[in-house]
Every structure is written in structure tokens, then in C-alpha cells.
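Engineer:
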Amino acid sequence: MRKISILTAILAFLPVLAGAQEPRMSIREAEKLIPREVRRPVKSMIPGDKPLAHDTLDTSDPVIKIVLLNDGTWHYVKDLRFLADSSVFRRNWKENELNPFRTPLQDLPFRITLCLADSSSRFCCPRQIKVFSPFGWRRRRNHMGVDLPLPMRTPVYAAFDGKVRCSMYNRGYGNVVIIRHASGLETTYAHLAERRVSAGDYVSAGDVIGLGGSTGRSSGPHLHFETRYDGYAFDPQWLIDFETGVLRHGYFVLKRKYLTPTSKYYPESEEEEEEIYKTEEEERAEAERIAKEMAAARYHTIKAGDNLSRLAVKYNTTVNAICKLNGITPSTTLKIGKKLRVK
Ligand SMILES: [Zn+2]
Numbered sequence: 173m174r175k176i177s178i179l180t181a182i183l184a185f186l187p188v189l190a191g192a193q194e195p196r197m198s199i200r201e202a203e204k205l206i207p208r209e210v211r212r213p214v215k216s217m218i219p220g221d222k223p224l225a226h227d228t229l230d231t232s233d234p235v236i237k238i239v240l241l242n243d244g245t246w247h248y249v250k251d252l253r254f255l256a257d258s259s260v261f262r263r264n265w266k267e268n269e270l271n272p273f274r275t276p277l278q279d280l281p282f283r284i285t286l287c288l289a290d291s292s293s294r295f296c297c298p299r300q301i302k303v304f305s306p307f308g309w310r311r312r313r314n315h316m317g318v319d320l321p322l323p324m325r326t327p328v329y330a331a332f333d334g335k336v337r338c339s340m341y342n343r344g345y346g347n348v349v350i351i352r353h354a355s356g357l358e359t360t361y362a363h364l365a366e367r368r369v370s371a372g373d374y375v376s377a378g379d380v381i382g383l384g385g386s387t388g389r390s391s392g393p394h395l396h397f398e399t400r401y402d403g404y405a406f407d408p409q410w411l412i413d414f415e416t417g418v419l420r421h422g423y424f425v426l427k428r429k430y431l432t433p434t435s436k437y438y439p440e441s442e443e444e445e446e447e448i449y450k451t452e453e454e455e456r457a458e459a460e461r462i463a464k465e466m467a468a469a470r471y472h473t474i475k476a477g478d479n480l481s482r483l484a485v486k487y488n489t490t491v492n493a494i495c496k497l498n499g500i501t502p503s504t505t506l507k508i509g510k511k512l513r514v515k
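Residue numbering for the sequence shown follows the numbering used here, starting at 173 and increasing by one per position.
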């Protein structure tokens with residue numbers, strides 16, 4: 173068994189070794205490849221439907237193990253206890269305070285790459301159902317998560333592997349569990365009827381962390397689910413399509429501008445996705461280009477006798493260009509006193 177185990181481990185890491193022999197690729201190029209590879213949606217695993225493990229093999233990385241399952245398959249797992257010393261599970265670690273973070277928002281990085289699920293860490297939708305109440309401004313107060321209706325005492329699942337930071341009762345949240353994940357992301361599960369985990373517990377995606385309920389400030393049984401980074405909540409729908417139970421990306425580029433209650437998830441077209449994955453330099457260049465364009469803009473106040481052809485000649489441009497800048501057509505009537513952008 174031992175010989176086979178070592179062989180399996182070597183075989184499993186061959187692609188990694190092969191990758192290491194490719195020195196021509198720059199780090200920037202490599203980084204571009206990684207998110208593309210894992211940007212595909214990740215299906216929620218079926219909770220409770222885990223084949224039994226019958227052997228665990230070490231790899232060259234103490235954090236990563238290979239688990240052989242009784243159905244003949246295998247997968248990587250991360251042993252989070254080895255990460256216990258990593259700063260993510262030590263920095264701002266308070267087990268009786270919902271939000272122990274103190275970093276001013278403007279001091280956070282412009283963009284944060286979160287590895288949510290890869291070959292060694294999986295995902296489980298905490299409760300698969302259409303979002304009942306979305307993230308954001310609601311009834312003159314901020315709603316920092318999404319509300320997912322559920323029948324009383326329905327199992328609620330940990331979304332990702334992680335370590336329980338809080339398991340407590342709070343007046344607003346009721347019975348609440350907060351899990352910190354290796355990426356630094358924290359997920360919050362509120363209004364639970366019962367908590368099944370304690371602070372300090374390590375959990376895997378798909379573990380039952382509690383039963384759904386209506387404790388705290390709640391008007392009926394539902395799961396209030398939050399995603400936070402450094403204490404700042406963002407719309408969980410950026411990560412999860414709750415209706416289908418799909419994790420939208422294995423890697424997610426969290427932008428600082430999403431970390432406010434006014435920034436809601438918008439369904440992505442391919443163009444918008446490109447926009448999301450733009451680099452900081454690309455975004456700065458784009459902003460500079462727009463600023464330059466705005467600075468170069470020229471306006472004309474319509475006087476009696478003006479028409480588009482005359483303006484085109486006067487400002488050395490074309491009728492079409494003026495129309496495009498103002499969203500009008502050549503047959504639009506020009507109103508005296510109105511301002512028209514000509515450059
Ligand atoms: Zn809520």
C-alpha cells in the first residue's frame with residue numbers, strides 16, 4: 173500500500189512538476205492564466221453525500237493531503253490545522269465580537285483576490301433558494317446580507333472550509349455563527365434555531381453548522397447570510413447564485429468599491445466580466461483617458477440661427493460626431509439656450 177501511495181502522490185503532482193519546468197512565462201502571465209482556469213462556476217456539493225475516505229496520503233506540502241475514497245476516486249484536501257499559525261486565523265481573531273476589524277476602508281487594497289474553491293477546497297451552497305431579500309439599503313437601514321427563507325430547523329451548511337470564529341447569541345442576529353476562511357473571507361449565518369459548532373472548530377464545506385430558525389430581530393424563519401472581508405460586508409450574490417446553488421468563480425477578484433451597502437451585484441455580461449478582471453493599471457489608464465477627454469470637452473450654447481452643419485464647420489468636426497456626443501440625430505430640433513457638446 174505504501175509503495176502505491178507514494179506512486180499515486182508522485183503521479184498526482186506530475187502536472188505541478190511539469191509546470192515548474194516552464195521558465196519562460198512571466199509571473200504576470202501566469203497569474204492571468206490561473207484565474208481563467210478557475211473562473212468557471214463551481215457546483216455546490218451535495219451535503220451529506222460524501223463517499224467514505226479509506227486512506228490519507230501525505231504530499232510534499234504538509235497542508236495538502238490526498239484522500240482516497242471508497243468509491244475509487246480521490247481528491248486533495250487542505251488540513252486547515254496546519255494553517256492555524258497563518259496570520260489569517262490570528263489577526264483580528266476575537267471569539268466574542270461580531271466585528272473586531274478596525275482597518276479604515278480606504279486602507280484596504282484596491283482589489284483582493286480570493287481563492288474560494290480549487291482542487292483542495294470545495295464549496296457548498298448554505299441554503300439553495302431564490303434570494304428573498306437582497307443586500308443593500310432597505311427600509312432606511314442597511315441590509316448587510318441576503319435573506320434566504322427556510323422551514324424551521326432546516327440544516328444550514330458551511331459554504332467553504334474554515335474555522336469558526338464566533339458561535340454566539342446576539343440581539344439582532346439571534347443565534348449566529350461566523351466562519352473565517354483561509355482566503356480571509358468571513359461568512360455569517362444568522363437567526364439560527366440552534367448552533368451546532370463552537371468557536372475554534374474547524375469545519376469543511378457542507379458541514380451542518382446549525383439549524384435554520386427565526387431568533388433575534390427576525391419576522392419569520394430565514395437564514396440571513398453575509399460575506400465580509402476585513403469586517404466590510406459585500407453582496408454575497410457576487411459569489412453565489414443562490415437559486416442554482418452555484419459558486420460563480422473559484423477565484424474572485426473582490427474590489428474595494430464592492431465593500432459598501434450601496435454596491436450591489438449586477439449580472440455580468442462578458443464585457444462586464446472583462447471589466448471586473450481589469451488590472452489596477454488598466455483601470456487607472458481608463459480613468460485617465462476619460463478625465464483627459466472630459467478636460468478636452470468643448471460646449472456651445474445654441475443661439476438663434478445655429479444648426480448642426482454650421483456648428484460642425486465652426487468647431488472643425490462633423491454633424492455625426494456632434495450627434496454621437498449628445499445622443500441626438502441630425503433631425504433633432506436645437507433649442508435656443510441649450511448647451512451642446514461639440515468636442
Ligand atoms: Zn437579513
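Note that the Cβ used here is the ideal one computed from N, Cα and C, for glycine as well. None of the values given here were measured: they were computed from a predicted structure.
For a quick check, are the C-beta atoms of leucine 426 and isoleucine 284 less than 8 angstroms apart?
Structural biologist: Locating residue 426 in the sequence shown gives position 254, where the first residue counts as 1. Locating residue 284 in the sequence shown gives position 112, where the first residue counts as 1. Taking 8 angstroms as the Cβ cut-off, leucine 426 and isoleucine 284 qualify as a contacting pair.
Engineer: Rounding to the nearest angstrom, what Cα-Cα distance links leucine 357 and glycine 317 in this structure?
Structural biologist: Taking the first residue of the sequence shown as 1, we reach residue 357 at position 185. Taking the first residue of the sequence shown as 1, we reach residue 317 at position 145. Roughly 14 angstroms between the two C-alpha positions.
Engineer: If you drop the 5 nearest sequence neighbours on each side, which residues of the same chain put their C-beta closer than 7 angstroms to that of glycine 509?
Structural biologist: The residue given as residue 509 occupies position 337 in the sequence shown. Thr473 and Ile474, listed in sequence order.
Engineer: On a Cα-Cα basis, can you pick out the residue from Ala377, Leu419, Tyr430 and Pro321 that is closest to glycine 385?
Structural biologist: Residue numbering aside, residue 385 sits at position 213 when the sequence shown is read from its first letter. Cα-wise, what sits closest to glycine 385 is Pro321.
Engineer: Sorted by chain position, which residues of the same chain lie with C-beta nearer than 8 angstroms to arginine 253's C-beta, five sequence neighbours on each side aside?
Structural biologist: In the sequence shown, counting from the first residue as 1, residue 253 sits at position 81. Tyr374.
Engineer: What residue ranges within the region 381–422 form continuous beta strand (DSSP E) runs of no fewer than 3 residues, ordered along the chain?
Structural biologist: Fully enclosed beta strand (DSSP E) runs of 3 or longer: 394–401 and 404–406.
Engineer: Cβ-heavy atom distance between glycine 384 and ligand 1 below 7 angstroms?
Structural biologist: Along the sequence shown, read from residue 1 onward, the residue named residue 384 stands at position 212. Exclusion of glycine 384 from the 7 angstroms shell around ligand 1 follows from its C-beta lying no nearer than that to any non-hydrogen atom of the ligand.
Engineer: Does alanine 190 pass the burial test, meaning 16 or more other C-beta atoms within 10 Å, or should it be called exposed?
Structural biologist: Against the sequence shown, residue 190 aligns to sequence position 18. With a pLDDT of only 42 at alanine 190, under the threshold of 50, the placement of this residue in the model should not be trusted, and no figure is reported.
Engineer: Take lysine 335 and list the residues in its own chain whose beta-carbon comes closer than 6 angstroms to its own, dropping the five residues that flank it on each side.
Structural biologist: To locate residue 335, count along the sequence shown from 1; it is residue 163. Excluding sequence neighbours, lysine 335 sits near Phe261, Arg352 and Tyr374.
Engineer: Between glycine 317 and ligand 1, is the CB less than 7 angstroms from at least one heavy atom?
Structural biologist: Within the sequence shown, the letter at position 145 stands for residue 317. Yes - ligand 1 has a heavy atom lying nearer than 7 angstroms to the Cβ of glycine 317.
Engineer: Report yes if the CB atom of proline 393 is closer than 8 angstroms to the CB atom of methionine 324, and no otherwise.
Structural biologist: Mapped onto the sequence shown, residue 393 falls at position 221. Mapped onto the sequence shown, residue 324 falls at position 152. Cβ distance < 8 angstroms, so proline 393 and methionine 324 count as in contact.
Engineer: Is DSSP giving asparagine 545 helix, strand or coil here?
Structural biologist: Look at the range of the chain in this structure, 173 to 515, and you will see that residue 545 is not part of it.
Engineer: Okay, do the region 337–350 and the region 262–275 touch, 3+ Cβ pairs below 8 angstroms being the bar?
Structural biologist: yes
Engineer: Can you tell which of Thr505, Arg389 and Lys486 has its C-alpha closest to the C-alpha of asparagine 342?
Structural biologist: The residue given as residue 342 occupies position 170 in the sequence shown. The candidate whose alpha carbon is nearest that of asparagine 342 is Arg389.
Engineer: Are there 16 or more other CB atoms within 10 angstroms of the CB of glutamine 409, so buried, or fewer, so exposed?
Structural biologist: As a first step, residue 409 is located in the sequence shown; it is residue number 237 there, counting from the start. Glutamine 409 should be labelled buried.
Engineer: Sort out for me which residues DSSP pairs glycine 308 with in a bridge.
Structural biologist: As a first step, residue 308 is located in the sequence shown; it is residue number 136 there, counting from the start. His315.
Engineer: Using alpha carbons as the reference points, say which of Gly378, Tyr471, Arg312 and Cys338 lies closest to phenylalanine 332.
Structural biologist: Within the sequence shown, numbered from 1, the residue matching residue 332 stands at position 160. Out of Gly378, Tyr471, Arg312 and Cys338, Gly378 has the C-alpha closest to the C-alpha of phenylalanine 332.
Engineer: Kindly provide the ranges of any beta strand (DSSP E) runs that are 3 or more residues long and lie completely inside the region 212–260, ordered along the chain.
Structural biologist: 225–230, 236–241 and 246–250
Engineer: In three-state DSSP terms, what is serine 123?
Structural biologist: Only positions 173 to 515 of the chain appear in the structure, and residue 123 is not among them; the question remains open.
Engineer: Please report the residue range of the alpha helix (DSSP H) in which leucine 512 lies.
Structural biologist: Residue mapping note: residue 512 aligns to position 340 of the sequence shown, counting from 1. It is not in any alpha helix (DSSP H) - leucine 512 instead sits in the beta strand (DSSP E) that spans 511–513.
Engineer: Can you determine whether any heavy atom of ligand 1 sits closer than 7 angstroms to the C-beta of serine 259, and answer yes or no?
Structural biologist: Sequence index remark: in the sequence shown, residue 259 carries index 87 (1-based). It does not: the Cβ of serine 259 is nowhere closer than 7 angstroms to a heavy atom of ligand 1.
Engineer: Taking the alpha helix (DSSP H) that valine 591 belongs to, which residues open and close that run?
Structural biologist: The chain is shown from 173 up to 515; residue 591 falls before or after that span and cannot be answered.
Engineer: Count the other C-beta atoms from every protein chain shown that fall within 10 angstroms of the C-beta of proline 281, then say buried if there are 16 or more, exposed otherwise.
Structural biologist: Walking along the sequence shown from the start, residue 281 turns up at place 109. Label assigned to proline 281: exposed.
Engineer: Cβ of serine 503 versus every heavy atom of ligand 1: is any distance shorter than 7 angstroms?
Structural biologist: On the sequence shown, position 331 is the one that residue 503 refers to. Not a single heavy atom of ligand 1 lies less than 7 angstroms from the C-beta of serine 503.
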